[in-house]
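First the structure, in the form of structure tokens, and then the observations on it.
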Amino acid sequence: MKKQAVSEALEILEATYPSAESELDFTNSFECLVATMLSAQCTDQRVNLITATLFKEIKGPEDVVQLSEEELQQKIRSCNYYKTKSKHLLAACQQLLAQHNGFIPNNREALMALPGVGRKTANVVLSNAFGVPALAVDTHVFRVSNRLGLVRAGDPLETEQQLMKTVPRDKWSAAHHWLILHGRRVCHARKPNCISCPLNHLCPTFTVSKQ
DNA sequence: CTCCCGATAT
DNA sequence: ATATCAGGAG
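Take the first sequence: its position 124, counting from 1, is numbered 124 in UniProt numbering, and each next residue is one higher.
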């Protein structure tokens, strides 16, 4: 889509979602990383429920590596893929201690080298915890930006690359959050609420649902 | 491509 | 009953 049309869509999104903030609860880069790692295929609400108590017990990687895999599983059991996430979180924290003095690296390569951290999670940590311009493409951003015709992409990486060309750099982080909020509030995966969508006049996939 | 594999909405 | 939720690894 042309930059002009994209900026029109972004203006409407900005007016509709003025906050443009993460709905995950965290207070530092470590908590941001952990919350994001836990959030795969799981609602923010569920993650926040888990981290509300978890972050009282783990203040950094040094606290995580004290736990056994089973203990960690117990603490995050109510989120999806808890076994995989426990294994990854434990290994990631060991790597943080071994290679980064227990700090969270602020570059994509080092973040993605951590077990359980892919491009999407790395981009979230970069933008949300460090203020580094990055455009994380999750399931919402992928779905919504394609539906709106902001991009024509077959996968998240293509989506990210196309959005970075048409969205101004200083709005990457905000656009990321606007698209997520729109995906959660209106442009649902299963039954998008096109009738009440403030973007339906410019949406190529606008449909009047039967019911 | 498959597997991971709990909670929730429809 | 089934699709979906701030995905990543093998």
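Each residue gets a CB set at the ideal place from its N, CA and C atoms; glycine is no exception.
Quick check on residue i: does DSSP put it in helix, strand or coil?
i, result
"L33", "helix"
"K210", "Summary for K210: the model assigns pLDDT 43, below 50, so the residue's position carries little reliability; its value from the coordinates is reported in the next sentence. Note: K210 maps to coil in three-state DSSP."
"F55", "helix"
"R77", "coil"
"M1", "coil"
"I12", "helix"
"residue 262", "Coverage of the chain is limited to positions 1 through 211, which leaves residue 262 absent and any answer about it impossible."
"I104", "coil"
"D25", "coil"
Would residue i pass as a contact of residue j if the rule is Cβ separation under 8 Å?
i, j, result
"V85", "G118", "It should be pointed out that residue 85 corresponds to Lys in this sequence rather than to Val. No, they are not a contact pair."
"I104", "V124", "no"
"T159", "V151", "yes"
"T121", "M1", "no"
"residue 265", "Y82", "Outside the displayed span of the chain (1 to 211) sits residue 265, for which this structure offers no information."
"L199", "A9", "yes"
"C93", "V137", "no"
"R46", "S22", "no"
Our contact map puts residue i next to residue j with C-beta atoms below 8 Å; I'd like the distance itself, whole angstroms only.
i, j, result
"W172", "A20", "Actually they do not touch by this definition, with Cβ atoms about 11 Å apart."
"T207", "C194", "6 Å"
"H176", "V132", "Their Cβ separation, rounded to whole angstroms, is 12 Å, which puts H176 and V132 out of contact at 8 Å."
"L72", "L89", "7 Å"
"T51", "A35", "5 Å"
"G149", "P204", "5 Å"
Quiz item: At which residue ranges does the region 119-205 contain complete alpha helix (DSSP H) runs of 4 or more residues, listed in the order of the chain?
Solution: 119-130, 139-147, 156-166 and 172-185
Exercise. Determine contact between the region 157-176 and the region 52-63, defined as no fewer than three beta-carbon pairs at a distance below 8 Å.
Key: No, they do not touch.
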